[in-house]
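Enquirer: The structure's right below; bear with me while I get my questions together.
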Amino acid sequence: MRGTVLHGPRDIRFEERDDPKILQPTDAIIAMTATCICGSDLWPYRGVQPIAEPMPIGHEYCGIVEETGSAVTSVKPGQFVIGSFFASDNTCPICRAGYQSSCVHREGVGGAQSPRLRLPLADGTLVPTRDAPPAELIPSLLALSDVMGTGWFAADAANVKPGHTVVVGDGAVGLLGVLSAKVRGAERIIAMSRHESRQQLAREFGATDIVTERGDDGVARIKELTGGLGADSVLECVGTQESMMQAIKSTRPGGYVGYVGVPHGVELNGQELFFDHVHLHGGPAPVRRYLPDLIDLVLNGKINPGKVFDLTLPLERVAEGYRAMDERRAIKTLLQP
Ligand SMILES: [Zn+2]
Numbered sequence: 026m027r028g029t030v031l032h033g034p035r036d037i038r039f040e041e042r043d044d045p046k047i048l049q050p051t052d053a054i055i056a057m058t059a060t061c062i063c064g065s066d067l068w069p070y071r072g073v074q075p076i077a078e079p080m081p082i083g084h085e086y087c088g089i090v091e092e093t094g095s096a097v098t099s100v101k102p103g104q105f106v107i108g109s110f111f112a113s114d115n116t117c118p119i120c121r122a123g124y125q126s127s128c129v130h131r132e133g134v135g136g137a138q139s140p141r142l143r144l145p146l147a148d149g150t151l152v153p154t155r156d157a158p159p160a161e162l163i164p165s166l167l168a169l170s171d172v173m174g175t176g177w178f179a180a181d182a183a184n185v186k187p188g189h190t191v192v193v194g195d196g197a198v199g200l201l202g203v204l205s206a207k208v209r210g211a212e213r214i215i216a217m218s219r220h221e222s223r224q225q226l227a228r229e230f231g232a233t234d235i236v237t238e239r240g241d242d243g244v245a246r247i248k249e250l251t252g253g254l255g256a257d258s259v260l261e262c263v264g265t266q267e268s269m270m271q272a273i274k275s276t277r278p279g280g281y282v283g284y285v286g287v288p289h290g291v292e293l294n295g296q297e298l299f300f301d302h303v304h305l306h307g308g309p310a311p312v313r314r315y316l317p318d319l320i321d322l323v324l325n326g327k328i329n330p331g332k333v334f335d336l337t338l339p340l341e342r343v344a345e346g347y348r349a350m351d352e353r354r355a356i357k358t359l360l361q362p
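Counting with our numbering, you get residues 26 to 362 for the letters of the sequence shown.
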């Protein structure tokens, strides 16, 4: 098959790769229905996170099970499935505590921007739908694999509750953090955004206020909007020093920061943190925990996170999808094999 391989900074190739094979009895192979490009794929794409050798890339997926190993019992060939970017057994104590992305047997999923994908620990990782979903729901179901699951975790980690004032950014995860906050009953949702199309989508997802300032000015504006106190819940979905500090400083004492952007060069000052008095919780989202409920919300028409995809390309034009996201011309690119 031909699949997506990152060779170096801004060097994405769609080239011949080996077909995935069942390696362990707990594996499954899926035929990709749709995949997409993640904001976190841009770190190695931009060379910020160096790679040692050509790397098959992509970790968001949904598709039809083609083949299963002899030990797999909960999914079978022909079923439509969605899974997380970390494979997990879903049975160890950490999984049972709801942190499948730190499963003691976890394995990262890579190489999903391809027509076929091997998934380890298929029983614990993959969630099947009862019937084959209609085509118009595929983008929203695909979004659950990471971007929506991560936005939902950010809202959960930030303790978003009915009546809360919430602050979120305008990246793909941030926008779905807005949607998550809305579904969880937030009263006021402040989106930090200077891009008109993103502001519009944020409003569509439930944002009540837009703040265009950033950094210290952004914090000052949030304080103005919250009676000088800061927000109850802030979702940090970027992972830079500036975005992390902006999140912490925008939170009221006793409030919560949910951080899901992979940190790059973020350092926190213990003394400041001590007196800021905020809860910090984050990490790679345990998407598997949320999949059953989020799948129901999509299938019942309650949420439409697939709106975050503003560019759809055939899989072989994946390099164009990376360029569009790198240059912020696209919020998120969906790829069709
Ligand atoms: Zn586990």
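C-beta: ideal position from N, C-alpha, C; glycine also.
Looking at T116 and ligand 1, is the gap between the Cβ and the nearest heavy atom below 7 Å?
Expert: Yes, ligand 1 has a heavy atom inside 7 Å of this Cβ.
Enquirer: What is the DSSP secondary structure of D43, reduced to helix, strand or coil?
Expert: Reduced to three states, the DSSP call for D43 is coil.
Enquirer: Compare the beta carbon distance of M350 and L67 with 8 Å and say whether it is the shorter of the two.
Expert: Their beta carbons are under 8 Å apart, which means M350 touches L67 by this criterion.
Enquirer: Smallest Cα separation from L166: which of A344, A256, P50, G108?
Expert: The shortest C-alpha separation from L166 is found at G108.
Enquirer: Assign N115 to one of two classes, buried (16 or more other C-beta atoms within 10 Å of its C-beta) or exposed (fewer than that).
Expert: Result: buried.
Enquirer: Buried or exposed, going by whether 16 or more other CB atoms sit within 10 Å of the CB of D52?
Expert: The residue is buried, with at least 16 neighbouring Cβ atoms inside 10 Å.
Enquirer: Would you check whether ligand 1 has a heavy atom nearer than 7 Å to the C-beta of Q49?
Expert: No, since every heavy atom of ligand 1 falls outside the 7 Å radius drawn around the Cβ of Q49.
Enquirer: From this set, T251, K248, G252, V193, which residue's C-alpha is nearest L226's C-alpha?
Expert: Comparing Cα positions, the closest option is V193.
Enquirer: What are the boundary residues of the alpha helix (DSSP H) that includes C120?
Expert: Start and end: 118–121.
Enquirer: Note down, one range per segment and in chain order, each alpha helix (DSSP H) of at least 4 residues found wholly within the segment 230–303.
Expert: Runs of the alpha helix (DSSP H) inside the segment 230–303: 240–250, 266–274, 295–301.
Enquirer: Curious, which full-length alpha helix (DSSP H) runs of at least 4 residues does the segment 165–200 contain?
Expert: Those alpha helix (DSSP H) runs which fall completely within the segment 165–200 and span 4+ residues are 172–182.
Enquirer: What is the rounded straight-line gap between the Cα of E267 and the Cα of G240?
Expert: Computed Cα separation, rounded: 6 Å.
Enquirer: Identify every residue that forms a DSSP beta bridge with L142.
Expert: Looking at the DSSP assignment, L142 forms a beta bridge with I55.
Enquirer: Among R121, R313, R35, which residue has its Cα nearest to the Cα of Q74?
Expert: The shortest Cα separation from Q74 among R121, R313, R35 belongs to R35.
Enquirer: Between the Cα of P153 and the Cα atoms of L319, G290, G188, G326, which residue gives the shortest distance?
Expert: It is L319.
Enquirer: Can you give me the start and stop residues for the beta strand (DSSP E) that Q344 sits inside?
Expert: With the sequence shown as reference, residue 344 is identified as Ala, and Gln is not the correct amino acid for it. From DSSP, A344 is part of no beta strand (DSSP E) but of the alpha helix (DSSP H) over 343–351.
Enquirer: According to DSSP, is P153 helix, strand or coil?
Expert: P153 falls in the strand class under three-state DSSP.
Enquirer: Between which residues of its own chain and I214 is the CB-CB distance below 7 Å, once the five residues before and five after are set aside?
Expert: If we look at I214 and ignore the five residues flanking it on each side, its Cβ neighbours are V191, V193, V203, A206, K207, G231, A232, T233.
Enquirer: In terms of alpha-carbon separation, which member of L146, N184, V134 lies closest to D171?
Expert: D171 has its Cα closest to that of V134, out of L146, N184, V134.
Enquirer: Which residue from G210, A157, G64 puts its Cα closest to that of A180?
Expert: Among G210, A157, G64, the Cα nearest to that of A180 belongs to G210.
Enquirer: Tell me the DSSP secondary structure of L338 in three-state form.
Expert: Reduced to three states, the DSSP call for L338 is strand.
Enquirer: For G176, which residues of its own chain have a beta-carbon under 6 Å away from its beta-carbon, when the five flanking residues on both sides are left out?
Expert: So the qualifying residues of the chain are V198, L201, G202, S205.
Enquirer: Give the straight-line distance between the Cα atoms of V333 and V185, rounded to the nearest whole angstrom.
Expert: Answer to the nearest angstrom: the Cα atoms are 21 Å apart.
Enquirer: Is there contact here, the segment 91–102 with the segment 40–59, by at least three beta-carbon pairs under 8 Å?
Expert: Touching, yes, given that three or more Cβ pairs across the two stretches are closer than 8 Å.
Enquirer: I need the straight-line Cα distance from Q296 to V30, nearest angstrom please.
Expert: Each residue's alpha carbon lies about 43 Å from the other.
Enquirer: Tell me where the beta strand (DSSP E) around L31 begins and ends.
Expert: Segment 27–33, the beta strand (DSSP E) holding L31.
Enquirer: Would you list the one or two residues that DSSP bridges to P81?
Expert: Bridge partners of P81: V30.
Enquirer: Check for me: the beta strand (DSSP E) holding R213 runs from which residue to which?
Expert: Taken as a continuous stretch (DSSP letters only), the beta strand (DSSP E) holding R213 covers 213–217.
Enquirer: Is H375 near D257, with beta carbons less than 8 Å apart?
Expert: No statement about residue 375 is possible, as the shown extent of the chain runs from 26 to 362 and does not include it.
Enquirer: Rounded to whole angstroms, how far is the Cβ of I89 from the Cβ of A112, which I believe are closer than 8 Å?
Expert: No, I89 and A112 are not in contact; Cβ-Cβ is about 18 Å, not under 8 Å.
Enquirer: Could you name the residues that DSSP lists as bridge partners for Q361?
Expert: DSSP, once it has assigned bridges, lists P339 as partnering Q361.
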